[in-house]
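Engineer: There's a structure below that I have some questions on.
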Amino acid sequence: MTQKNSISLESVDTRSWFSRNMAAIIRHGIINLFMIIIILPLAWVLIMSIKSRPDAMRGDFWPRNFDFTTYAYVFQKIETLPINLWNSIYVTAGTVFLTTICAVMAGYTLVHMRPRGGGIVVTALLVSLYFPTRVVSIISIYEIQHSLGLINSTVGLILPYVTLNLAISILIMRSVFQLVPHEVIEAAKVDGAGPWRTLLTIALPMARNGIVVIFIVNFVTAWGEFLLCSTLTNDQEARTMPVVLAGAQGGLGQWTWPNLAAVYIIVVTPGIFAFALAQKLFFKGLAEGIVKG
Amino acid sequence: MSYSNTDGFDARAARSSTLWERMRSDARTWVFLVPALAFFIGYQAYPIFRVVWISFTDYQYLTNQPANWIGFNNYANALSDQLLWTSLWRAVLFTILFLPGCIILPLILAILIDRIRNPILATIYRVVLLIPAVIPSTLVFVLWKWMYNFQSGPINHFLVKTTGLFSLQDAPQWLGGTALTLPAIAAMEVWWGLGYHTIFFLAGLAAISKELPEAARIDGANEWQMFWHITLPRLMPIMMILVVLRFGSAMAVIDEYLIFGGFNRDSPTYTWTILMYDQAFKLGLWRQGYAAAIGMIGSVAMMLVMILLLRIFRTKG
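Here the protein sequences line up with chains S and B, keeping their order. The numbering used here puts the first residue of the first sequence at 38, with every later residue one more than the last. The numbering used here puts the first residue of the second sequence at 450, with every later residue one more than the last.
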C-alpha cells in the first residue's frame, strides 16, 4: 500500500514536470532548429575557408587538418582580388555617402520647410516603390551610361546605385524628421540660425538612428549589387567582388573551394561587423522609420 | 518678417507678398531637394518614361537606324508569343512557391520567440535571425549556389555520403533548369528573409497589450482560440504589407535567375524578366523596343495584382 502510494506520487511528479516543461522544450527545440538552419550554410563556408586542401576534396563537414594560410594565399595568387575588393569599397562608400546626403536633405525639407509641390514628390517616391523600376529601367540606364562614356567604368556605377534605395531612404528620413518637433526648428530660426545650420546642428543629431538605418540598408544593397554591375561592366578588373564571385566556377584553378570560401568570408565580414556595432541604433531607427511609414 | 524665410509659415506669409519674393522663397527651399531629385529623375523617372517610349518603337540598340514609331506592334507580337505567357506563368509559379513559406514560417517563429522570457536567449535569437538579412543579395546567391552544387555541395554530400539516401547517379540536380530549380531558389529566399520577417512580426507582437490575452485566458480561452481571435487579427496589417511587398519582389526576381539559370529557354528560371534581358542585351541586334514592351507587360500585370491585393486587404481590414 505504502509502496504503491509512493510510486504513484513519483509518477505524478514526473508527469507534472513534463507537462510543465513540455511546451518550453518543444518551443526551444523548434527555435533552435531554425537557428541551426540559419547558421549551417555560413558555418560551412567558414570551416571550408580553413580546411586543408585534401579535406576540402573529401567534403566532410569537420576537417581532419586545418589550414589558415588560404587567406594569405588568395591575396597572392588571385591577381584581380585586391582590385575587385577596392572597387567594392569605393563604389559602396560613394553610394552610401551620396544617398545619405540626398535623403537627409530631402527628408528634412519635406517635413520642416514644407515646399510647394512637396506632396507630389512624396507621391512620386511612393509610386516608384511599387513599380519594378530596377528591372525595367536597366534598358535605358545602359543607354544613359553609354552616352556618358561610363560603360565598363567602376566609378560610373555609383550614379545608378544611388537610386536603388533613394526613394525608401528619403521616406525613412521623412518619418524620422517628423519626430523632431517643429517648435524646436522654429526656435532655432528665431535665434537666427539659417536652414543649413538648423539642419546640421539641431535636426541631424536628433535623426541619428534613422541615418544608421539608411546607412546599413544602402551599404548592404550597394555592396551586393549584381544586375547593374554585371550589365554595365565587362572586364573582371572593373567589377565588384561579389559579382566576380558569382561568376567563379568552384573547384578549379585559382578558385578551389577553400580559396572561394576565404574570399567569401573576407567579403561578407564587413557587413556583419557594421551591423553588430550599430545593432542597437538600427533597431531604434527601424522603429522610428516604421512608425509613420 | 521682412526676410522671406525658407520656413513653411513664412512661405505662407510670403504668398501675400510680391511674386519675386515668393519665387525666391520657393527656390531656397527647393535647393535642398535638388540632389535627391536629380538622381531620382535622372536614373529612375526618366528611364521609365524612356522605356515606355521605346516600347512603341522598333528600336534596336546595335544599329544606326533611327527608331520608328510602330504603335502597339511590339505589344501585339509579345502577347501572341507563347514564350511570354510561359515566362509570366513561371514567375507566378515561383511566387506561389515562395509566398506561403516567407509569411507562415516567420509568423510561427515570431510567436515562439515572443514567449521566451530569458532576456539573454531572446537577444541571441534576434541577432542570429538578422545575420542573413545583412548579407548582401549576391553573396546569399553565391552561398546557395555552392550549397546546391551537384558534385561538391554540402546538401548532396549529406544525401549521398552521410546518409546514403541517394547514390551519385540519382542525387538531386538542384540547379541548372530542372524542375527542382524554382523550389530550390524559393527555399533560399525563405532562408534569406526568415530573420527579417520574424523581426517584423516580433515588433507587431510587442505592440499587442499583455492584458488582453490575460483576460481571455481567465475567460477560459485556449491557446488556439487566443491565437486565432487575438493575436492573428492584430498581426494582419503587418502580414498584408509583407504579402504585397514580397509579391512584388517575387514576381520581379532577376539576379537569382541570371546567376542560377542563365538564358536557357526551357529552364523554369526563364521568366519575363530574363526574357526581357535576353532580348535587350543578348539576342541579335538587341531588340530593345520589343524588350521594353515585354518589361512593360510584366510590370503592369504585376502592379495590377498588387493594387488588387491592396484593395482586398483594405476592405477586409
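Idealized CB from N, CA, C, for every residue including glycine.
Can you give me the start and stop residues for the alpha helix (DSSP H) that Gln113/S sits inside?
Structural biologist: Element bounds for Gln113/S: Thr107 to Lys114.
Engineer: Quick one: is Leu707/B buried, meaning 16 or more other Cβ sit within 10 Å of its Cβ, or exposed?
Structural biologist: buried
Engineer: Determine whether the Cβ of Lys329/S lies closer than 9 angstroms to any Cβ atom of chain B.
Structural biologist: Summary for Lys329/S: the model assigns pLDDT 41, below 50, so the residue's position carries little reliability, and this model does not support an answer.
Engineer: Check whether the Cβ atoms of Pro717/B and Trp260/S lie closer than 9 angstroms to each other.
Structural biologist: no
Engineer: Count the other CB atoms within 10 Å of the CB of Glu660/B; is the residue buried (16 or more) or exposed (fewer)?
Structural biologist: exposed
Engineer: What is the C-beta distance between Gly144/S and Val213/S, in whole angstroms, given that I count them as a contact (C-beta under 8 angstroms)?
Structural biologist: Contact holds; Cβ gap of about 7 angstroms.
Engineer: Distance check for Ala80/S and Gly613/B, CA to CA, integer angstroms please.
Structural biologist: 23 angstroms
Engineer: Just the chain B side, please: which residues come within less than 7 angstroms of Ser86/S by C-beta, in chain order?
Structural biologist: By Cβ distance, chain B contributes nothing, its closest Cβ being about 12 angstroms from Ser86/S, past 7 angstroms.
Engineer: How many Å lie between Val591/B and Arg473/B at the Cα?
Structural biologist: When only Cα atoms are considered, Val591/B and Arg473/B end up about 53 angstroms apart.
Engineer: When we look at the beta-carbon of Lys317/S and count the other beta-carbons within 10 Å, is it buried (16 or more) or exposed?
Structural biologist: exposed
Engineer: For a contact meaning CB atoms closer than 7 angstroms, what does Val257/S contact in chain B?
Structural biologist: Going along chain B in sequence order, the residues near Val257/S (Cβ under 7 angstroms) are Val583 and Pro585.
Engineer: Considering only residues of the same chain and omitting the five flanking positions on each side of Leu187/S, which have a CB-CB separation below 7 angstroms?
Structural biologist: Gly193
Engineer: Between the Cα of Phe202/S and the Cα atoms of Arg234/S, Gln182/S and Leu162/S, which residue gives the shortest distance?
Structural biologist: In the sequence on display, residue 202/S carries Asn and not Phe. For Asn202/S, the nearest C-alpha among the options comes from Leu162/S.
Engineer: Give me, in chain order, the residues of the same chain whose beta-carbon lies closer than 6 angstroms to that of Met637/B; leave out the 5 immediate sequence neighbours on both sides.
Structural biologist: Trp593
Engineer: My parser needs the alpha helix (DSSP H) runs of 4 or more residues fully inside the segment 106 to 162 of chain S; what are they?
Structural biologist: 107 to 114 and 118 to 145
Engineer: According to DSSP, is Glu47/S helix, strand or coil?
Structural biologist: Summary for Glu47/S: the model assigns pLDDT 48, below 50, so the residue's position carries little reliability; its value from the coordinates is reported in the next sentence. Glu47/S falls in the helix class under three-state DSSP.
Engineer: Taking C-beta pairs closer than 8 angstroms, name the residues in chain S that Tyr706/B reaches, listed in chain order.
Structural biologist: Neighbours of Tyr706/B on chain S: none; closest Cβ ~11 angstroms, over 8 angstroms.
Engineer: Using 9 angstroms as the threshold, is the C-beta distance between Gly155/S and Ile195/S below it?
Structural biologist: no
Engineer: Quick check on DSSP: helix, strand or coil for Lys659/B?
Structural biologist: Three-state DSSP puts Lys659/B in coil, outside helix and strand.
Engineer: Measure the alpha-carbon distance for Ala485/B versus Leu468/B and round it to whole angstroms.
Structural biologist: 26 angstroms
Engineer: Does any residue of chain S bring its CB to less than 9 angstroms from the CB of Asp727/B?
Structural biologist: no
Engineer: May I ask you to verify whether the segment 695 to 704 of chain B touches the segment 746 to 759 of chain B, counting CB pairs closer than 8 angstroms and requiring at least 3?
Structural biologist: yes
Engineer: Out of curiosity, what's the CA-to-CA distance linking Thr306/S and Arg760/B?
Structural biologist: 42 angstroms
Engineer: Which residues, in order along the segment 159 to 188 of chain S, keep a beta-carbon less than 8 angstroms from a beta-carbon of chain B?
Structural biologist: Ala161, Leu162, Ser165, Tyr167, Phe168, Pro169, Thr170, Arg171, Val172, Val173, Ser174, Ile175, Ile176, Ser177, Ile178, Tyr179, Glu180 and Ile181
Engineer: Starting from the C-beta of Phe547/B, find all residues in its chain whose C-beta is less than 6 angstroms away, skip the five residues before and the five after it, and write them out in chain order.
Structural biologist: Ala635, Glu638 and Ala699
Engineer: Helix or strand or just coil, what does DSSP make of Thr506/B?
Structural biologist: strand
Engineer: Closer than 8 angstroms between beta carbons: that is the criterion. Which residues of the segment 196 to 217 of chain S meet it against chain B?
Structural biologist: Leu196, Pro197, Val199, Thr200, Leu203, Ala204 and Ile207
Engineer: Relative to the C-alpha of Ser536/B, which candidate in Trp640/B, Phe498/B and Ile703/B has its C-alpha closest?
Structural biologist: Ile703/B
Engineer: How should His149/S be labelled, buried or exposed, when 16 other C-beta atoms within 10 angstroms of its C-beta is the threshold for buried?
Structural biologist: buried
Engineer: Compare the beta carbon distance of Phe730/B and Thr270/S with 9 angstroms and say whether it is the shorter of the two.
Structural biologist: no
Engineer: Cutting at 7 angstroms between CB atoms, please list the residues of its own chain near Asp507/B, excluding the five before and the five after it.
Structural biologist: Ala516, Asn517, Ile519 and Gly738
Engineer: Taking the alpha-carbon positions, what's the Val693/B to Leu758/B distance?
Structural biologist: 7 angstroms
Engineer: Is there a Cβ of chain B sitting closer than 9 angstroms to that of Ile115/S, yes or no?
Structural biologist: no
Engineer: Within the continuous alpha helix (DSSP H) that includes Phe696/B, where are the two ends?
Structural biologist: Leu681 to Met700
Engineer: How about Ser267/S: is its C-beta nearer than 9 angstroms to some C-beta of chain B?
Structural biologist: Chain B, which has a Cβ nearer than 9 angstroms to the Cβ of Ser267/S, makes this yes.
Engineer: Give the straight-line distance between the Cα atoms of Phe320/S and Leu554/B, rounded to the nearest whole angstrom.
Structural biologist: 22 angstroms
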